[in-house]
Amino acid sequence: MRKALDELSDLFIYLKVWKVENHVYIDSLMPPTEKYHRDLFFQIYLMKDNNPGSVSEGALLAIGGRYDYLLHHMSDHEYRTNPQCAVGTSLALETIVLHSPADFRPIGNEATTNVLVCSKGGGGLLVERMKLVAELWEENIKADFVPIPDPSLTEQYEYASEHDIRCLVILTDAGVSQTGFVKVTSHF
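Everything in the sequence shown is counted per the working numbering, starting at 97 for the first residue and increasing by one.
Printed below as a string of structure tokens:
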């Protein structure tokens, strides 16, 4: 349960980086709505601008929880002695796209320059990469990052190649913490 709460905390940090935390409501400790859910159950809502405090006015974006009890009752007798654990999440991607207000959607990015914000060392610098991407979007620069916490340089170069991105911004732990500068390279 601690890991799940840590991941929800990380999600809130990511929402804050992109300045959408006031538009998203996470109900992480609600009682399960179905009898096959046990323990942890959550729902995530997109709040409407005109009524940010009311969940009933928002759109349901995701739902998830533990499904151990369901698996236990569906499994064969031999597996019941060694019960399996299960968690699941369902994202309503179409709902996310349809209900996203234009003021916090990523910029349309009609610019011709594509930038991949990369990291080298430092545990992946995910939050720093996300912040820089958000800043580039604000300047109407098409930017992206590899959406995993600690990608290798090889993974990032492959991502750039697969997406035809030729401009890389490489963040390093030392560079971010000491100088505030980033290194920009051309990937031709």
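By construction, the Cβ of each residue, glycine as well, lies at the ideal position given by its N, Cα and C atoms.
Quick caveat, the model's predicted, so the values are computed rather than measured.
- Here A158 is buried, its C-beta having at least 16 other C-beta atoms within 10 Å.
- Look at R225 here: in three-state DSSP terms it is helix.
- Counting C-beta pairs closer than 8 Å gives three or more between the region 211-220 and the region 256-270, which meets the contact rule.
- Boundaries of the alpha helix (DSSP H) harbouring D106: 98-113, taken from the DSSP string.
- Membership of A256 in the alpha helix (DSSP H) is indicated by the continuous run 249-258.
- DSSP, read as helix, strand or coil, puts A239 in strand.
- The criterion of a C-beta distance shorter than 8 Å is satisfied by V113 and K227.
- Around R162, the same chain offers R134, D135, L136, V183 as residues with beta carbons nearer than 6 Å, after the five sequence neighbours per side are excluded.
- Per DSSP, Y165 is not a residue of any beta strand (DSSP E); the alpha helix (DSSP H) it occupies stretches across 164-170.
- In the three-state reduction of the DSSP assignment, I192 falls in the helix class, which pools H, G and I.
- Shown here for I192: same chain residues with a beta carbon closer than 6 Å to its own, the five before and five after excluded, namely L157 in chain order.
- With a 10 Å radius around the Cβ and a threshold of 16 neighbouring Cβ atoms, E224 comes out buried.
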